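Heads up, the thing below is written out as structure tokens.
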Ligand code: NAD
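Residue numbers (my numbering): 117 to 614.
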């Protein structure tokens, strides 16, 4: 069986540890490769390599850095299909969905090709007599990225191109369930001419994460994953003085108003709830039906859910693949059982889905639960599977109260034909990313991505302008070029502008 290794100091290496993890094909339920699980010593080696590379990479001209990113962008583009195949085989999502992920990740590289525009400082002349001020931003040093299983390419690309374009060096710890794509990314960076040590990959689990969080030479940590681990990463890395952004889990609501176009809305709810088998941090999982809209909406979503073709992500014709592991499947099925016991109506039941040739795969069919209430575990917990729940409320105010009382605040959407409703919704909802008739409002790469409340710990959203601020720190310079004169203005008072 193929072994997926670390990438340290410009080459693949098994590192010093002996532990290995299975990398599954979730559609067949069998291991397809093994991944080396790193140790603290492997982290030391990767960080040492990144530290050494930082000296010259941080001094490399902006135009040279951008040249490398342009070449990397071209290579990612050329290898889109290969990357998509690796993602689909390890994660389970369909090839087309995986291709979309690669494109959205590559768009962050596109943004970074224009980074000189964003890295420009500010200048103010004559802030005092003969005195000018200017500001500029410098890289931090060695940055670490710790990423989840559900976007093996896109989520790491929210981090490393931005960090590297800003002049930092990087150590990536991908999810041990989907490590294959990062190996290819490391090779593409090398082919693009990125100097040795600027980008490193250490595979592994908690041992590697903890070693990165505690390492004295790691200056910043970007994390994306579940909320309990995000909170832990934020606390532990902050306590060692690092800059940290930790994006957590989600429970995303779609509020459907009585004036919404119901066919359009049902199409988009099905796509947003079941795409990638619901394993997206921006997936819609709670539909809040306002006023009389519930019955007709549930009917339309049911019709569409029943038509979804479930199968291996790598098979042409599949619209929805399996969930990532056997444990994930058990967890999702358990929630559906609990919801039913608590009184939810199971309108579409994905518990007994039958996939030809995938009898041992980790499949769950599209599942639709109606009459869900806010005290049920199918509502309170992030399920991260193909389960859409429908809650019924009487008014927009009540819908907003439900969304705002939820501890997560990643994404949300409103379906309406009223501009006034849309405006009220976007102003009053306490969520970071909002769609108006757009169910998965993932910001483009030139904006920044991030939730509120328990969906993000730290001060900065990720990629885009906030990503650049996260991976750099500011200096402000106050300059005077004095004439040689005898009546010096120096005195002991605090300097003011006059
Ligand atoms: P996870 O939290 O289990 O794992 C994320 C990373 O943390 C992995 O690299 C993993 O190896 C590491 N990790 C896991 N347990 C750890 C521990 N005890 N100590 C230290 N490190 C640990 O998340 P996942 O299951 O891979 O991904 C799904 C989760 O990620 C969902 O909750 C989803 O909402 C979230 N997610 C959030 C966003 C966002 O932008 N907010 C994006 C994608 C995924």
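Note that the Cβ used here is the ideal one computed from N, Cα and C, for glycine as well. Keep in mind it's a predicted model, so treat the numbers as computed, not measured.
Check, Outcome
"Start-to-end residues for the beta strand (DSSP E) that takes in residue 445", "No beta strand (DSSP E) holds residue 445; the alpha helix (DSSP H) holding it covers 442 to 458."
"Of the listed residues 606, 592, 597 and 607, nearest to residue 250 (C-alpha basis)", "592"
"Proximal residues to residue 499 (C-beta, below 8 Å), its chain only, five neighbours per side dropped", "394, 401, 447, 448 and 451"
"Contact test: residue 221 Cβ vs the ligand NAD heavy atom, cutoff 8 Å", "no"
"Delimiting residues of the alpha helix (DSSP H) encompassing residue 542", "535 to 544"
"Residue range of the beta strand (DSSP E) that includes residue 531", "527 to 531"
"Cβ-heavy atom distance, residue 293 to the ligand NAD, below 8 Å", "yes"
"Burial state of residue 276, where buried means 16 or more other Cβ atoms lie within 10 Å", "buried"
"Coil, strand or helix - residue 93 by DSSP", "Outside the displayed span of the chain (117 to 614) sits residue 93, for which this structure offers no information."
"Length of the line joining the Cα atoms of residue 399 and residue 360", "25 Å"
"The ligand NAD heavy atom lying under 8 Å from the CB of residue 322", "yes"
"Inside the region 382 to 440 only - beta strand (DSSP E) runs reaching at least 3 residues", "400 to 406"
"Distance, residue 321 Cα to residue 136 Cα", "10 Å"
"Proximity test, residue 267 beta-carbon vs the ligand NAD heavy atom, cut-off 8 Å", "yes"
"Residues that DSSP places opposite residue 285 in a beta bridge", "258"
"Whole beta strand (DSSP E) elements within the region 161 to 247, 3-residue minimum", "238 to 244"
"Span of the alpha helix (DSSP H) around residue 590", "Here residue 590 belongs to no alpha helix (DSSP H); instead the beta strand (DSSP E) covers 588 to 596."
"Among 439, 203 and 459, nearest to residue 466 - alpha-carbon criterion", "439"
"Local conformation of residue 380 per DSSP, three classes", "helix"
"Test item: CB-CB of residue 332 and residue 339 under 9 Å", "no"
"As assigned by DSSP and simplified to three states, the class of residue 250", "strand"
"Integer Cβ distance of residue 273 from residue 317, believed to fall under 8 Å", "Going by Cβ atoms, the distance from residue 273 to residue 317 rounds to 13 Å, so no, they are not a contact pair."
"Burial state of residue 526, where buried means 16 or more other Cβ atoms lie within 10 Å", "buried"
"Buried or exposed by the 16-neighbour rule on C-beta atoms within 10 Å, applied to residue 421", "buried"
"Alpha helix (DSSP H) segment containing residue 520, residue limits", "512 to 521"
"Coarse secondary structure for residue 359, derived from DSSP in three states", "strand"
"Buried/exposed call for residue 200, threshold 16 Cβ in 10 Å", "buried"
"Check whether residue 403 and residue 417 have beta carbons under 9 Å apart", "yes"
"Contacts around residue 297, its chain only, beta-carbon distance under 7 Å, and the 5 residues preceding and following it disregarded", "199, 202, 203, 268 and 269"
"Backbone CA spacing between residue 548 and residue 152 [nearest angstrom]", "36 Å"
"Within 9 Å, strictly: CB atoms of residue 510 and residue 490", "no"
"Cβ distance (whole Å) where residue 143 is taken to contact residue 535 below 8 Å", "Incorrect: roughly 44 Å between the Cβ atoms, too far for contact."
"Cβ neighbour criterion (16 or more within 10 Å) applied to residue 631", "This structure does not reach residue 631, given that the chain is present from 117 up to 614, and the question cannot be answered."
"Of the residues 486, 473 and 240, the one placed nearest residue 595, counting alpha carbons only", "240"
"Nearest neighbour of residue 362, chosen from 607, 586 and 131 [CA to CA]", "586"
"Any non-hydrogen atom of the ligand NAD closer than 8 Å to residue 559 Cβ", "no"
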